[in-house]
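Heads up: the structure comes next, in structure tokens.
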Amino acid sequence: MSITDTSFPDERLKMLFLCSQPEIDPSIRTPLMLQTVLGIDAARIASAFVVKPSTMGQRLTRAKAKIRAGRLTFTIPDAEELPLRLDAVLEAIYAVYGSGWDDLAGVDARRKGLVDEAIYLGRLLTKFMPDEPEVQGLLSLMLHCEARRTARRDDSGSYVPLSGQDTSRWSIPLMMEAEHYLHTAARSGRLGRFQLMAAIQSVHSQRARTGRTEWEEIALLYEGLTRLSPTLGVLVGRTAACAEAYGAVEGLVLLEAIPQDKIVNYQPYWALAAHLYQKMEQVEKARSAYSRAIGLCEDLSVKQFLHQRANEISIAK
Amino acid sequence: MHFTLMLFESPEDFNARKDPEKQQEYLAGWSHYAHALREAGVVVSGFGLHAPETAATIQRRDGEMLVQDGPFTETKEQLGGLFVIDVADLDTALEWAARAPVNAVEVRQNLPALK
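If you read the protein sequences in the order shown, they are chains B and S.
For the first sequence, the numbering used here assigns the number 1 to the initial residue and increments by one for each residue that follows.
For the second sequence, the numbering used here assigns the number 1001 to the initial residue and increments by one for each residue that follows.
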């Protein structure tokens, strides 16, 4: 079944596209989707996005009023419009996943639930749009990340970065399912950013079998991703991958080429900067970068982890 | 827009200030947070407060002035310090509040200064 030959049989799917129309402000699309498609209340959505609940309530009300006033209805996007519209839907689902994933401690049940809901939406979309490789790419990406969820904390509850994770704690069924969707997507011959992000996670997952990470392969995938979608997250990820593959010197060159006005509040940049300066034994810069990474961090266990890393500088010197 | 972040500390936090084993980590948490705020260029002012048991509180009841030792309310979490920040909106202020090394922060917009 393709999207153009039949009406959407599922009401929730209709709502997904309705929430992602160009008339709706991108920043409210994901909250709107959570409320109208999944029935999540405004207070819980507000907590997930760190917004005042009454503000979130007002924004949702305004967006719904706009749908009514503008008589926005669900229209099946035509072949030309589909990629753009679909991208907005995928983006919003990915944001649902991200807001749940950020709750690293997994202590906030209200946020953890969002991860399951994002995967549910991803599955729903693959069911109704089986010919869209990016839909499968997104689902594959989420499943690969999900496979490693429990490995992100050790028995004492401390944060464990990806490179230090015990691969025996990764979920094999989830990784296999993720691989299945990635392979199906690849058969279409239409590459996209979600497929590339899933492919990066797929390379990481191979460590469970081979015991090593193919950083050069990951760096190459990031090159492609940088061309398709040079977001701040991608630029930082690419820098980290290149530093692993080709050395910290190469990494620092890329790091310092990232537009400096954008990274003032971007925690992952400072965590990576600290790591690279530490490797290069630029002690003062490393200290300062660790300090900013810790100061910008919301998660207590990651703060703790970065404290330990920063203390290693003091011990070494 | 100026917002005040009211940073509430737990009894454990206040104890960590004096505990030689925990003091360093406690202070580091705050200095990293202040560093990130300053580098972002949003700080208007900020300071910590001495522990709540050092407070003196005055209250007028039926026109009579009562002075008591300790904080106004005997809650578990007590005000430990304040930051006034200049940011675009409440969303951004909440983002900064979420990064503070405490478990409770109250955020309010400041009124304009009195003439």
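C-beta atoms are modelled at their ideal positions from N, C-alpha and C, and glycine is treated no differently.
The model shown is predicted, which means the values in this text are computed figures rather than measured ones.
Residue-chain proximity (residue i, chain S), Cβ-Cβ < 8 angstroms
i, result
"B:Glu312", "no"
"B:Arg292", "yes"
"B:Val249", "no"
"B:Thr226", "no"
"B:Thr61", "no"
"B:Thr55", "yes"
"B:Ser20", "no"
Inter-residue spacing [alpha-carbon to alpha-carbon] between residue i and residue j
i, j, result
"B:Ile140", "B:Phe194", "The sequence given here has Ser at residue 140 of chain B, not Ile. The alpha-carbon atoms of B:Ser140 and B:Phe194 are separated by roughly 9 angstroms."
"B:Gly98", "S:Glu1095", "16 angstroms"
"B:Ser20", "B:Cys297", "30 angstroms"
"B:Arg209", "B:Ala178", "15 angstroms"
"B:Ile40", "B:Met15", "14 angstroms"
"S:Met1065", "S:Thr1057", "10 angstroms"
"S:Gln1059", "S:Val1067", "6 angstroms"
"B:Gly233", "B:Arg292", "17 angstroms"
"S:Asp1091", "B:Ala48", "12 angstroms"
"B:Pro22", "B:Arg153", "40 angstroms"
"S:Glu1039", "B:Arg287", "14 angstroms"
"B:Arg71", "S:Ile1085", "41 angstroms"
"B:Val107", "B:Asp78", "Any reading at B:Val107 needs caution, since the residue's pLDDT is 49, under 50, leaving its predicted position unreliable; the model's value is listed next. Distance between the alpha carbons of B:Val107 and B:Asp78: 43 angstroms."
"B:Ser124", "B:Leu86", "Checking the sequence, you will find Leu at residue 124 of chain B rather than Ser. Whole-angstrom Cα-Cα distance: 14 angstroms."
"B:Thr126", "B:Leu182", "12 angstroms"
"B:Gln136", "B:His180", "9 angstroms"
"S:Ala1051", "B:Arg227", "54 angstroms"
"B:Gln58", "S:Ala1100", "27 angstroms"
"S:Asn1015", "B:Glu281", "36 angstroms"
"S:Thr1054", "B:Ile313", "37 angstroms"
"S:Ala1108", "S:Val1044", "Reading off the sequence shown, one finds Arg at residue 1108 of chain S, where the question assumed Ala. C-alpha separation (whole angstroms): 14 angstroms."
"B:Ser301", "S:Gly1063", "50 angstroms"
Any chain B beta carbon closer than 8 angstroms to residue i
i, result
"S:Asp1062", "no"
"S:Asp1019", "no"
"S:Ala1055", "no"
"S:Ala1104", "no"
"S:Ala1028", "yes"
"S:Ala1113", "no"
"S:Ala1051", "no"
Contacts that residue i makes with chain B (C-beta to C-beta distance below 7 angstroms)
i, result
"S:Arg1099", "Gly295, Leu296, Cys297, Glu298"
"S:Ala1016", "None at all; the shortest Cβ gap to chain B is about 14 angstroms."
"S:Ala1095", "It is Glu, not Ala, that sits at residue 1095 of chain S in the sequence shown. Those within 7 angstroms of S:Glu1095 in chain B are Val50."
Test: residue i CB closer than 8 angstroms to a CB of chain D
i, result
"B:Lys52", "Annotation note: the requested chain D is absent from the structure, which comprises protein chains B and S."
Interface residues of chain B facing residue i [CB-CB closer than 9 angstroms]
i, result
"S:His1032", "Tyr290, Ser291, Arg292, Ala293, Ile294, Gly295, Leu296, Cys297, Lys303, Leu306, His307, Ala310"
Where residue i meets chain B, residues with beta-carbon distance less than 8 angstroms
i, result
"S:Leu1037", "Gly295"
"S:Glu1025", "His307"
Own chain residues within Cβ distance below 8 angstroms of residue i, not counting five before or after
i, result
"B:Ala245", "Trp215, Glu216, Ile218, Ala219"
"B:Met175", "Leu143, His144, Ala147, Ser205, Ala208"
"B:Glu117", "Leu34, Leu38, Ile40, Val96, Gly100"
"B:Lys66", "Glu23, Ile24, Leu72"
"B:Thr6", "For B:Thr6, the predicted structure reports a pLDDT of 47, less than 50, and the residue's modelled location is therefore unreliable. A value from the coordinates is still provided. So no residue of the chain qualifies."
"S:Leu1111", "none"
Residues near residue i by beta carbon distance below 7 angstroms, same chain, minus five either side
i, result
"B:Leu138", "Leu90, Ile93, Tyr94, Gly122, Phe194"
"B:Pro318", "Nothing can be reported for residue 318 of chain B, as the shown portion of chain B is limited to 1 through 317."
"B:Asp166", "Ala151"
"B:Tyr290", "Ala274, Leu306, Arg309, Ala310"
"B:Ile45", "Pro31, Leu34, Gln35, Met56"
"B:Ala271", "Ala293, Leu306"
"B:Leu114", "Ala48, Val96, Ser99, Gly100"
"B:Ser2", "Unreliable positioning characterises B:Ser2 in this predicted model, as indicated by a pLDDT of 40, which lies under 50. A coordinate reading is not provided."
"B:Ala243", "Glu250, Gly251, Leu276"
Beta-carbon proximity list for residue i, same chain, < 6 angstroms, skipping 5 on both sides
i, result
"B:Val50", "none"
"S:Glu1106", "Met1006"
"B:Ile294", "Lys303, Leu306"
"S:Ala1104", "Phe1008, Glu1077"
"S:Val1087", "Val1042, Ala1093"
"B:Ile200", "Ile218, Leu221"
"S:Glu1025", "none"
Going along the chain, which residues of the segment 245-272 of chain B sit with their C-beta nearer than 7 angstroms to a C-beta in chain S?
Listed by position along the chain: Val264, Asn265.
What residues in the segment 1076-1090 of chain S have a beta carbon less than 7 angstroms from any beta carbon of chain B?
Of all residues in the segment 1076-1090 of chain S, only Leu1090 come within less than 7 angstroms of chain B when Cβ atoms are compared, listed by chain position.
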